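Enquirer: Here it is: the structure, laid out below.
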Amino acid sequence: MDMVDIEKLAEVSMEIISYAGMAKSKYILAYESLKKGNQHDYEKQRKEAEENYIHAHRVHSKVLTTEMETRTPQVSLLMVHAEDQLMSVETIRFLTTELAEMMQKLKQA
Amino acid sequence: MKVLIVCNGGMSSSILMKKMRIAAEEAEMDVVIEARPNSGLDEEIGKWDVCLLGPQIIYALENVKKILGIPTASVDTRVYALADGKKALEQAIALIK
Numbered sequence: 551m552d553m554v555d556i557e558k559l560a561e562v563s564m565e566i567i568s569y570a571g572m573a574k575s576k577y578i579l580a581y582e583s584l585k586k587g588n589q590h591d592y593e594k595q596r597k598e599a600e601e602n603y604i605h606a607h608r609v610h611s612k613v614l615t616t617e618m619e620t621r622t623p624q625v626s627l628l629m630v631h632a633e634d635q636l637m638s639v640e641t642i643r644f645l646t647t648e649l650a651e652m653m654q655k656l657k658q659a
Numbered sequence: 421m422k423v424l425i426v427c428n429g430g431m432s433s434s435i436l437m438k439k440m441r442i443a444a445e446e447a448e449m450d451v452v453i454e455a456r457p458n459s460g461l462d463e464e465i466g467k468w469d470v471c472l473l474g475p476q477i478i479y480a481l482e483n484v485k486k487i488l489g490i491p492t493a494s495v496d497t498r499v500y501a502l503a504d505g506k507k508a509l510e511q512a513i514a515l516i517k
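Chains as they are written, first to last, in the working numbering: chain D, 551 to 659; chain F, 421 to 517.
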């Protein structure tokens, strides 16, 4: 069985953490813009959030595929932390989307 | 120079901290660098010259600035992803000047 390259794994983890983290920040900033009634900033920040989110997921998928293909577990504490960050972004993405929709509905009512 | 790095849990920022320390050592600079989670920032008031934020926490940039009252900026996503200690250190120095 191949040995796990821990340096490489740390690099990949940092990439996921960094982009997932940026996505989280942008979702929150976007939501705050919407609260202030700034639709333009909301859309811009939300788009940036999505791009970062997709990037983080793409990197993560590559790690998963590598694990499947090589049958070598790609795990380190830092990778676990990276996945935790990804999950947290998913929650924040869902909630800010729901809240934004609710705000639009309230505005129309 | 005293540099504080702040992120969510202090985990990924400790990786950047290590790389920044190496970069400072190579440049023979006298720099203190520590990583902290964003909870309990009140205890850090008055202890640091400059603060860098991880991408996870840039939404709180204005808030951290207000609490610490020192030059504070977010680390570029790519620099953070690569844990580029040299670039991050350069950014910290540029912030103070």
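Cβ coordinates follow ideal geometry from the N, Cα and C atoms, glycine included.
Only a predicted model underlies this, so the values are computations on that prediction, with no experimental measurement involved.
Does DSSP put F:Thr-492 in a helix, in a strand, or in coil?
Expert: For this step, residue 492 of chain F is matched to residue 72 along the second sequence. If DSSP states are grouped into helix, strand and coil, F:Thr-492 belongs with the strands.
Enquirer: Would you please state the rounded distance, in angstroms, between the beta carbons of D:Tyr-720 and D:Ala-573? I believe it to be under 8 Å.
Expert: The requested residue 720 of chain D is not part of the displayed model; chain D covers only 551 to 659.
Enquirer: Going by beta-carbon coordinates alone, are F:Ala-493 and F:Leu-515 separated by less than 7 Å?
Expert: Counting from one through the second sequence, the residue named residue 493 of chain F turns up at place 73. Counting from one through the second sequence, the residue named residue 515 of chain F turns up at place 95. Contact: yes.
Enquirer: Mind checking the stretch 426-439 of chain F against chain D and listing, in chain order, the residues whose C-beta falls within less than 9 Å of any C-beta there?
Expert: Cys-427, Asn-428, Gly-429, Met-431, Ser-432, Ile-435 and Leu-436
Enquirer: Around the C-beta of D:His-605, are 16 or more other C-beta atoms found within 10 angstroms, so that it is buried, or is it exposed?
Expert: Position 55 of the first sequence, counted from the start, is the residue given in the question as residue 605 of chain D. Counting Cβ neighbours within 10 Å, D:His-605 comes out buried, since at least 16 surround it.
Enquirer: Tell me, please, whether the stretch 458-465 of chain F touches the stretch 501-513 of chain F by the rule of three or more beta-carbon pairs shorter than 8 Å.
Expert: no
Enquirer: Along the chain, where does the alpha helix (DSSP H) containing F:Lys-422 start, and where does it finish?
Expert: For the purposes of this step, residue 422 of chain F is taken as the residue at position 2 of the second sequence. Taken as a continuous stretch (DSSP letters only), F:Lys-422 belongs to no alpha helix (DSSP H), being part of the beta strand (DSSP E) at 422-427.
Enquirer: Can the beta-carbon of D:Ser-568 be found closer than 7 Å to that of F:Pro-475?
Expert: Start at 1 with the first residue of the first sequence, and residue 568 of chain D comes out as number 18. Start at 1 with the first residue of the second sequence, and residue 475 of chain F comes out as number 55. Their beta carbons are under 7 Å apart, which means D:Ser-568 touches F:Pro-475 by this criterion.
Enquirer: So is F:Thr-497 in contact with chain D if we call contact Cβ pairs under 7 Å?
Expert: Taking the second sequence and counting its residues from 1, the one referred to as residue 497 of chain F is at position 77. Between F:Thr-497 and chain D, the shortest Cβ-Cβ separation is below 7 Å.
Enquirer: What residues match up with F:Val-452 in a beta bridge as DSSP calls it?
Expert: Counting from one through the second sequence, the residue named residue 452 of chain F turns up at place 32. According to DSSP, which records beta bridges pairwise, F:Val-452 is partnered with F:Lys-422.
Enquirer: My understanding is that D:Val-639 touches D:Ala-560, with C-beta atoms under 8 Å, so please give their C-beta distance in whole angstroms.
Expert: Along the first sequence, one-based indexing puts residue 639 of chain D at 89. Along the first sequence, one-based indexing puts residue 560 of chain D at 10. That pair is no contact at about 20 Å.
Enquirer: Using a Cβ cut-off of 9 Å, pull out every chain D residue sitting near F:Ile-490, in sequence order please.
Expert: Numbered from its first residue, the second sequence carries residue 490 of chain F at position 70. By Cβ distance, chain D contributes nothing, its closest Cβ being about 20 Å from F:Ile-490, past 9 Å.
Enquirer: Got a sec: is the Cβ-Cβ distance from D:His-631 to anything in chain F below 7 Å?
Expert: Looking up residue 631 of chain D in the first sequence gives position 81. Yes, its Cβ sits closer than 7 Å to a Cβ of chain F.
Enquirer: Could you check whether the Cβ of D:Gly-587 sits closer than 7 Å to any Cβ belonging to chain F?
Expert: As a position in the first sequence, residue 587 of chain D is number 37, starting the count at 1. Chain F, which has no Cβ nearer than 7 Å to the Cβ of D:Gly-587, makes this no.
Enquirer: Would you kindly work out how many angstroms separate the C-alpha atoms of D:Met-551 and D:Thr-622, rounded to a whole number?
Expert: Here residue 551 of chain D corresponds to residue number 1 of the first sequence, with the count starting at 1. Here residue 622 of chain D corresponds to residue number 72 of the first sequence, with the count starting at 1. Caution is warranted here: a pLDDT of 46 is assigned to D:Met-551, below 50, making its placement in the model unreliable, and the coordinate value is therefore given only provisionally. Approximately 7 Å, taken between the alpha carbons.
Enquirer: Whole angstroms is fine: what's the gap from D:Met-629's alpha carbon to D:Ser-563's?
Expert: One-based indexing of the first sequence puts residue 629 of chain D at position 79. One-based indexing of the first sequence puts residue 563 of chain D at position 13. Those two C-alpha atoms are separated by around 5 Å.
Enquirer: Specify, as a first and last residue, the run of the alpha helix (DSSP H) that D:Leu-559 falls within.
Expert: To locate residue 559 of chain D, count along the first sequence from 1; it is residue 9. From DSSP, the alpha helix (DSSP H) with D:Leu-559 extends over 556-585.
Enquirer: Relative to the alpha-carbon of F:Asn-458, which residue among F:Met-449, F:Lys-517, F:Ile-425 and F:Met-440 has its alpha-carbon at the smallest distance?
Expert: Residue mapping note: residue 458 of chain F aligns to position 38 of the second sequence, counting from 1. The candidate whose alpha carbon is nearest that of F:Asn-458 is F:Ile-425.
Enquirer: Quick check on D:Ile-604 - is its C-beta less than 7 Å from some C-beta in chain F?
Expert: As a working note, residue 604 of chain D is residue 54 in the first sequence. So no, D:Ile-604 is outside the interface.
Enquirer: Using DSSP bridges, identify the partner residues of F:Val-484.
Expert: Translated into the one-based positions of the second sequence, residue 484 of chain F becomes position 64. In DSSP, F:Val-484 forms no bridge with anything.
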